[in-house]
Amino acid sequence: MAYVQVNYDNRRYMPEPLKQFASEVFGKAGLSVDHAAELAGYLVATDLRGVLSHGTGAVAGYAHGFQSGHYNPRPAIKIAREAGATVQYDGDGGIGHLCAARAVRGVMDKARQFGIGLAHGRYCGHTGSIGHWTRIATAGDMIALFTSTAVSPSD
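Numbers 172 to 326, taken from our numbering, label the letters of the sequence shown in order.
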């Protein structure tokens with residue numbers, strides 16, 4: 172995990188207005204209202220955990236990524252393939268947070284059914300602070316291992 176020294180002389184912001192601001196920025200960058208709020212929520216939660224390297228400091232860069240076409244601002248995330256305890260999600264070129272959240276929730280359904288599950292996300296960008304995805308699983312009384320790569324293979 173990247174460690175960023177906290178500078179207590181910097182301004183501080185309350186979480187809800189910060190989340191609203193980030194959500195509005197993402198909306199102006201082309202995301203749907205729901206996706207903008209979801210992504211903003213993950214980034215503010217990351218700040219609150221003290222992982223400043225992967226929190227709201229990334230808002231401007233992500234917004235630029237949406238506007239430049241690096242990330243698809245309106246991804247149609249879907250299940251590409253599934254068999255038994257496995258499921259593969261297609262992130263449609265969107266930011267990885269959105270695909271990762273759906274993948275972990277989907278694999279939890281598989282684990283409930285089969286006792287174990289394996290999910291894979293493809294065609295998506297940066298997944299942010301991956302602790303989010305393991306905490307979703309542990310909140311559901313499951314053990315999770317989440318890995319990510321910055322480059323999605325073509326197939």
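The beta-carbon is built from N, C-alpha and C at its ideal position, and this holds for glycine as well.
Return the CA-CA distance between residue i and residue j, expressed in angstroms with no decimal places.
i: His-206; j: Asp-312; result: 26 Å
i: Thr-305; j: Asn-181; result: 30 Å
i: Asp-261; j: Ala-274; result: 9 Å
i: Met-185; j: Leu-219; result: 10 Å
i: Ser-239; j: Gly-232; result: 10 Å
i: Val-204; j: Asn-178; result: 32 Å
i: Ala-315; j: His-297; result: 19 Å
i: Arg-276; j: Ile-250; result: 12 Å
i: Ser-194; j: Phe-285; result: 37 Å
State the beta-bridge partners of residue i as determined by DSSP.
i: Arg-306; result: Looking at the DSSP assignment, Arg-306 forms no beta bridge with any residue, so it has no partner.
i: Leu-189; result: Its beta-bridge partners do not exist; DSSP assigns none.
i: His-291; result: Gln-259
i: Arg-201; result: It should be noted that the sequence gives Gly, not Arg, for residue 201. According to DSSP, Gly-201 bridges with nothing at all.
i: Gly-265; result: Cys-295
Tell me, to the nearest whole angstrom, how far the beta carbon of residue i is from that of residue j; I am working on the premise that it is less than 8 Å.
i: Gly-292; j: Gly-267; result: 7 Å
i: Gly-265; j: Tyr-242; result: 6 Å
Report all residues from its chain with a CB closer than 6 Å to the CB of residue i; omit the five preceding and five following residues, and keep chain order.
i: Ile-287; result: Ala-256
i: Ala-234; result: Val-196, Ala-200
Looking only at its own chain, which residues have a Cβ that is under 7 Å from the Cβ of residue i, when we skip the five neighbours before and after it?
i: Ile-301; result: Phe-317, Ser-319
Spatial neighbours of residue i within its chain, please: C-beta separation below 8 Å, excluding the five flanking residues on both sides.
i: Leu-269; result: His-206, Glu-209, Leu-210, Pro-246, Ile-248, Gly-262, Cys-295
i: Gly-198; result: Val-204, Ala-207
i: Met-279; result: Gly-288, Ile-307, Ala-308, Gly-311, Met-313
(Q) Give the list of continuous alpha helix (DSSP H) stretches no shorter than 4 residues that lie fully inside the stretch 220-259. (A) 230-239
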